[in-house]
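Since the structure comes first, as structure tokens, the remarks are kept for the end.
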Amino acid sequence: MQMSWLYATPLRERRTAVIVPLFLSIMLILLSLVASSAARVSGTSAANPILLSPAGTDGQELLILDPRSGTVLNRIPNQNYGIYQAFVSPRGDRALIEYVEEREGTPSIRLELRTLPDWSLLAQFPVDYTIPPLAPLAAEAPAGANPSLFTVAFSSDGDLAAVAFFTGQDWPTLVVTTLDLAHQRWADWALTVPRSSYAWLFPLETQLLVVSRAMVPLLSGDHASIYSLDPVTGAVRAELGIRLHRSLLPQRGQDVPSTSPGVIAVHRDGQYLRILTDDLTRFSFDIRTLALVQTDPPLYDELAALKTVFTPHYTVAAVRPDEIVLIDNQRWQITQQTKLSSDIMSWELVGPDPSRPVVYIASEEDQCLRTLDLSTLALSQPLVCALFLPVDWRHFYGWPDYAPGVVQSAPVPATTSWMKNLASLATAVLAATFVLAALGKTVAWRTSSQQLGTVVPQLSRRAPLILAGLVAAETGTAVLLLLPLTSRFGLASATGLLFVFLGVSLFAVRRAPRQPCPCFGSLGPALTGRAVIVRNLFLLGIAFLAWSHPQAPTLPQMLLGLLAVLVALNVSRLAAGVAVIRTARRGTTFDHAA
Numbered sequence: 001m002q003m004s005w006l007y008a009t010p011l012r013e014r015r016t017a018v019i020v021p022l023f024l025s026i027m028l029i030l031l032s033l034v035a036s037s038a039a040r041v042s043g044t045s046a047a048n049p050i051l052l053s054p055a056g057t058d059g060q061e062l063l064i065l066d067p068r069s070g071t072v073l074n075r076i077p078n079q080n081y082g083i084y085q086a087f088v089s090p091r092g093d094r095a096l097i098e099y100v101e102e103r104e105g106t107p108s109i110r111l112e113l114r115t116l117p118d119w120s121l122l123a124q125f126p127v128d129y130t131i132p133p134l135a136p137l138a139a140e141a142p143a144g145a146n147p148s149l150f151t152v153a154f155s156s157d158g159d160l161a162a163v164a165f166f167t168g169q170d171w172p173t174l175v176v177t178t179l180d181l182a183h184q185r186w187a188d189w190a191l192t193v194p195r196s197s198y199a200w201l202f203p204l205e206t207q208l209l210v211v212s213r214a215m216v217p218l219l220s221g222d223h224a225s226i227y228s229l230d231p232v233t234g235a236v237r238a239e240l241g242i243r244l245h246r247s248l249l250p251q252r253g254q255d256v257p258s259t260s261p262g263v264i265a266v267h268r269d270g271q272y273l274r275i276l277t278d279d280l281t282r283f284s285f286d287i288r289t290l291a292l293v294q295t296d297p298p299l300y301d302e303l304a305a306l307k308t309v310f311t312p313h314y315t316v317a318a319v320r321p322d323e324i325v326l327i328d329n330q331r332w333q334i335t336q337q338t339k340l341s342s343d344i345m346s347w348e349l350v351g352p353d354p355s356r357p358v359v360y361i362a363s364e365e366d367q368c369l370r371t372l373d374l375s376t377l378a379l380s381q382p383l384v385c386a387l388f389l390p391v392d393w394r395h396f397y398g399w400p401d402y403a404p405g406v407v408q409s410a411p412v413p414a415t416t417s418w419m420k421n422l423a424s425l426a427t428a429v430l431a432a433t434f435v436l437a438a439l440g441k442t443v444a445w446r447t448s449s450q451q452l453g454t455v456v457p458q459l460s461r462r463a464p465l466i467l468a469g470l471v472a473a474e475t476g477t478a479v480l481l482l483l484p485l486t487s488r489f490g491l492a493s494a495t496g497l498l499f500v501f502l503g504v505s506l507f508a509v510r511r512a513p514r515q516p517c518p519c520f521g522s523l524g525p526a527l528t529g530r531a532v533i534v535r536n537l538f539l540l541g542i543a544f545l546a547w548s549h550p551q552a553p554t555l556p557q558m559l560l561g562l563l564a565v566l567v568a569l570n571v572s573r574l575a576a577g578v579a580v581i582r583t584a585r586r587g588t589t590f591d592h593a594a
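Take the sequence shown: its position 113, counting from 1, is numbered 113 in UniProt numbering, and each next residue is one higher.
What follows is the structure in structure tokens.
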């Protein structure tokens, strides 16, 4: 009889099949509440800024500091100055360290990924001409292949690092690539920009923005260039040259014009990229299209600014010869200014505190770190001293290195952003599908084993063994899908299993039509037929969607995926019950073999 499989299920298994989804649904609601509460708490939790700085009379020690209080969190020996540069992730929980040591008279360079503040080693990456992004350049020009690491910028989640090198002999060539920290591998591509003197990197969620400053604008025709790259393939999606149409200007304090204004700082501000010049002209570009949307007039008729720090409401600029100025970001006007006790070259703007209206500033003269109050531009008492910050260490090696300890959300193109979230949700749906399929078979083990033997009679004797392997495969696939480092393997396993299930369902339509399917055990009763084929095709479509952005889902996505599958299973059970009632009304007899 067509519906005998529903009534043939033992009463205990039928009760379990109702209780288990109900229990999981209740637990899902509770977990969702806990997750949302945790998200609210984490969203409002205080930031944890962190600072790395050389210290001591000779700089042979590295301090890891909490800049708010000046507390030393860790002391790292730096004998023989092996630690050249440090690049801290936005969260402040880890850093990439450039480490150089002599081996048989030849410097050996590597990047070390370490946790902060405990300094545990997570991974090491060699830096030489043999790494995948630099190997093609070495083949073309072996003499100029040895790379010099320039800068590193982390993505907001800390799993991707954009890396810039300088190579070449006569004229420096900027080389930009990425380092996948989650999978610990270099990209196999590199962007090369010849005759560049500086670069700013912004690895966003769906694009990598590179701003390069031209070494000789008269030769290149542009003072700077912006590149929008695909972070996976390195393909250049858009490119824009920037020309600054201003005459030669003198340095502040001089009468004779020396050069035209150049780019001194690039900041990301929401959906805009703000580019500042040393006469404090501000150019605003849309990060999605690279279109110039606004130009704010210069605040000086001289080459005045040396460095800036960006905050949500103000830009703090270090100005020749000894001033700090505060600029209102909305009006682009100087609102306050103050003189320092010494030349501006002996001071270093470190970074903004994310939870207070202050900026950290360090002095080479007394080797101390202070805060600069943005409401009064008054300096605080020293927070910590004995820092080692000579001008060449600050200018050439970027010391000290600072991270705000929070992740500033970066806007991304809306289409790609929701596609990435949709792909993650698809991964969560697949994981939930395999978990519930394994659970349903386990709860109704005997019935599922009998049903498997009915669908594939040739395997009836080995049905329990095959069922055990199937449950293990489904469970393992779900685990692989949910782990960040194994989500690709999970997708490969899920795709393979779904193709197997599709083949079995096609076989069953011919050889065992309208027979109970053990697909979800007692959690989702179904008959072999077109509906099962369509369901497998639908799940394959979900798998292909997940492949568009293969990554492990977040906890909310896991819960949403589980809820979606539970709803689908309960709707399936309800539809089966309605079909039973309708058939019974037509007078069909059922087999009540319970």
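Beta carbons are placed, not taken as given, at the ideal position from N, Cα and C, and that holds for glycine.
- Spanning the alpha carbons of Glu140 and Phe150 requires a straight line of approximately 21 Å.
- A Cβ-Cβ distance of about 5 Å is found for the pair Ala546 and Ala423, placing them in contact under the 8 Å criterion.
- Around the beta carbon of Asp353, a 10 Å sphere encloses 16 or more other beta carbons of the protein chains shown; the residue is thus reported as buried.
- Considering only Ala318, Tyr272, Cys519, Leu111, the residue with the shortest C-alpha distance to Arg535 is Cys519.
- If the five residues before and after Phe310 are omitted, its C-beta is found closer than 6 Å to the C-beta atoms of His267, all from its own chain and listed in chain order.
- For Ser120, same chain residues with a beta-carbon under 8 Å away, outside a window of 5 residues either side, are Arg114 in chain order.
- Asp343 and Gly561 have their C-alpha atoms some 59 Å from each other.
- Judged by their CB atoms, Leu174 and Ser196 are nearer to each other than the 8 Å cut-off.
- For the pair of segments examined, the stretch 420–438 was found to touch the stretch 552–567: the number of CB pairs separated by less than 8 Å reaches three.
- With a cutoff of 8 Å on beta-carbon distance, Gly262 and Arg213 are scored as near each other.
- Spatial neighbours of Pro550 in its own chain (CB-CB distance under 6 Å, excluding positions within 5 residues in sequence) are listed in chain order as Ser487, Arg488, Leu491.
- Here the stretch 80–93 makes contact with the stretch 391–405; the two share three or more CB pairs at distances below 8 Å.
- If you check the CB distance, Ala123 and Tyr129 do not come in under 8 Å.
- If you draw a straight line from the Cα of Ala305 to the Cα of Thr277, it comes to about 8 Å.
- For Thr477, no beta strand (DSSP E) segment is defined; the enclosing uninterrupted segment is the alpha helix (DSSP H) at 463–482.
- Contact check for Glu102 and Pro77: beta-carbon distance about 17 Å, past the 8 Å limit, so the pair fails to qualify.
- About 5 Å separates the beta carbons of Gln85 and Tyr397, which is inside the 8 Å limit, making them a contact pair.
- When Ala432, Glu302, Thr335 are compared, the shortest CA-CA separation from Val316 is found for Thr335.
- Contact between the stretch 373–380 and the stretch 52–71 is not established, with fewer than three Cβ pairs separated by less than 8 Å.
- The criterion of a C-beta distance shorter than 8 Å is not satisfied by Val211 and Leu191.
- Excluding its 5 nearest sequence neighbours in each direction, Leu290 has C-beta neighbours in its own chain below 7 Å: Ile226, Ser228, Ala238, Leu240, listed in chain order.
- Judged by DSSP secondary structure, Asn80 falls outside any alpha helix (DSSP H); it is assigned neither H nor E.
- Closest in C-alpha terms to Leu498, from the list Thr371, Ala478, Ser53, comes Ala478.
- Annotation for Glu323: Gln337, Lys339 place their beta carbon closer than 6 Å to its own, counting only its chain and skipping 5 residues before and after.
- 8 Å or more divides the Cβ of Ile264 from the Cβ of Thr233.
- Looking at the backbone, the Cα of Asn329 and that of Pro312 are separated by about 8 Å.
- Secondary structure at Asn74: strand, using DSSP grouped into helix, strand and coil.
- Counting C-beta atoms within 10 angstroms of its own C-beta, Ala362 has 16 or more neighbours from the protein chains shown and is therefore classed as buried.
- Nearest neighbour of Lys441 by Cα position, chosen from Leu523, Ile533, Glu348, turns out to be Leu523.
- DSSP places Tyr397 inside the alpha helix (DSSP H), whose first and last residues are 391–397.
- Contact check for Leu134 against Pro126 fails: the beta carbons are separated by 8 Å or more.
- Contact between Ser493 and Leu480 is confirmed by a C-beta separation of about 6 Å, below the 8 Å threshold.
- Under the three-state reduction of DSSP, Val216 is assigned to coil, being neither helix nor strand.
- Counting of Cβ neighbours within 10 angstroms places Gln367 among the buried residues, the total reaching 16 or more.
- Distances from the alpha-carbon of Ser355 to those of Leu51, Arg68, Gly158 put Arg68 closest.
- Here the C-alpha atom of Ala162 lies approximately 9 Å from the C-alpha atom of Pro231.
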